[in-house]
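Participant:
Numbering (the working numbering), first residue to last: 30 to 197.
Take a look at the structure:
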């Protein structure tokens, strides 16, 4: 089942088809009260930071996998098939649930390497903002804040891995 969501550059959800509303167990009004990141659980700050950075370009975004943390307490693994920029400045997100048989590995968005890569990008943006160089974000404090949040998220993921019981 493929589902479609529409969000604006600020990350506000504007529209969805019936398949998306069913997948998310939300009404359209509920979805419209949410923003990108609200369904990302422990990765909410990373999702918002990445969205702001990529939406500022007005270009299509890369696809991938991730876990959605629904307001009803359940989790859904999804594959983003397409995140396409539209002529009106919105983005259309096409996604599908990942079947249980394919869900044995962690989603790409939950992997430590993904978190670390986004942290490094945020740090470069903070450095560019501090010097006023190319690639500088509009607000230097926003870039520094994003880098700090991603650093903490990365550290938390490393701690969680070291505290996890090993399989012997």
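Heads up, the beta-carbon is just placed ideally off N, CA and C, and yes, glycines get one too.
Taking its Cβ as the centre, do 16 or more other Cβ atoms sit within 10 Å of residue 56, making it buried, or is it exposed?
Facilitator: Here residue 56 corresponds to residue number 27 of the chain shown, with the count starting at 1. Counting Cβ neighbours within 10 Å, residue 56 comes out exposed, since fewer than 16 surround it.
Participant: Residue 39: which of 49, 79 and 52 sits nearest, CA to CA?
Facilitator: The residue you call residue 39 lines up with position 10 of the chain shown. Closest by alpha carbon: 79.
Participant: Comparing C-alpha positions only, which one of 41, 64 and 111 sits nearest to residue 89?
Facilitator: The sequence position of residue 89 within the chain shown is 60, counting from 1. Of 41, 64 and 111, the residue nearest in Cα terms is 111.
Participant: How would you call residue 69, buried or exposed, if buried means at least 16 neighbouring beta carbons within 10 angstroms?
Facilitator: Position 40 of the chain shown, counted from the first residue, corresponds to residue 69. Buried, since its Cβ has 16 or more Cβ neighbours within 10 Å.
Participant: Ignore the nearest five residues each way along the sequence and tell me which others in residue 103's own chain have a CB closer than 7 Å to its CB.
Facilitator: Indexing the chain shown from 1 puts residue 103 at position 74. So no residue of the chain qualifies.
Participant: Put residue 75 into one of helix, strand or coil per three-state DSSP.
Facilitator: Along the chain shown, one-based indexing puts residue 75 at 46. DSSP places residue 75 in helix when its eight states are reduced to three.
Participant: Between which residues of its own chain and residue 105 is the CB-CB distance below 8 Å, once the five residues before and five after are set aside?
Facilitator: As a working mapping, residue 105 is identified with position 76 in the chain shown. 52, 53, 96, 97, 99 and 126, listed in sequence order.
Participant: Using 10 angstroms around the beta-carbon of residue 30, count the other beta-carbons present and answer buried if the total reaches 16, otherwise exposed.
Facilitator: Here residue 30 refers to the residue found at position 1 when the chain shown is read from its first residue. Classification of residue 30: exposed, given that the 10 Å Cβ count is below 16.
Participant: Please report the distance separating the alpha-carbon of residue 63 from that of residue 77.
Facilitator: Numbered from 1 along the chain shown, position 34 holds the residue referred to as residue 63. Numbered from 1 along the chain shown, position 48 holds the residue referred to as residue 77. Each residue's alpha carbon lies about 12 Å from the other.
Participant: Considering Cα atoms alone, identify which of 116, 122, 60 and 85 is closest to residue 93.
Facilitator: Residue mapping note: residue 93 aligns to position 64 of the chain shown, counting from 1. It is 122 whose Cα lies nearest to the Cα of residue 93.
Participant: Please report how far the alpha carbon of residue 33 lies from the alpha carbon of residue 109, in whole angstroms.
Facilitator: As a first step, residue 33 is located in the chain shown; it is residue number 4 there, counting from the start. As a first step, residue 109 is located in the chain shown; it is residue number 80 there, counting from the start. Distance between the alpha carbons of residue 33 and residue 109 is about 10 Å.
Participant: Can you say whether residue 124 is buried or exposed, counting buried as having 16 or more other CB atoms within 10 angstroms of its CB?
Facilitator: Counting from 1 along the chain shown, the entry for residue 124 is found at position 95. Classification of residue 124: buried, given that the 10 Å Cβ count is 16 or more.
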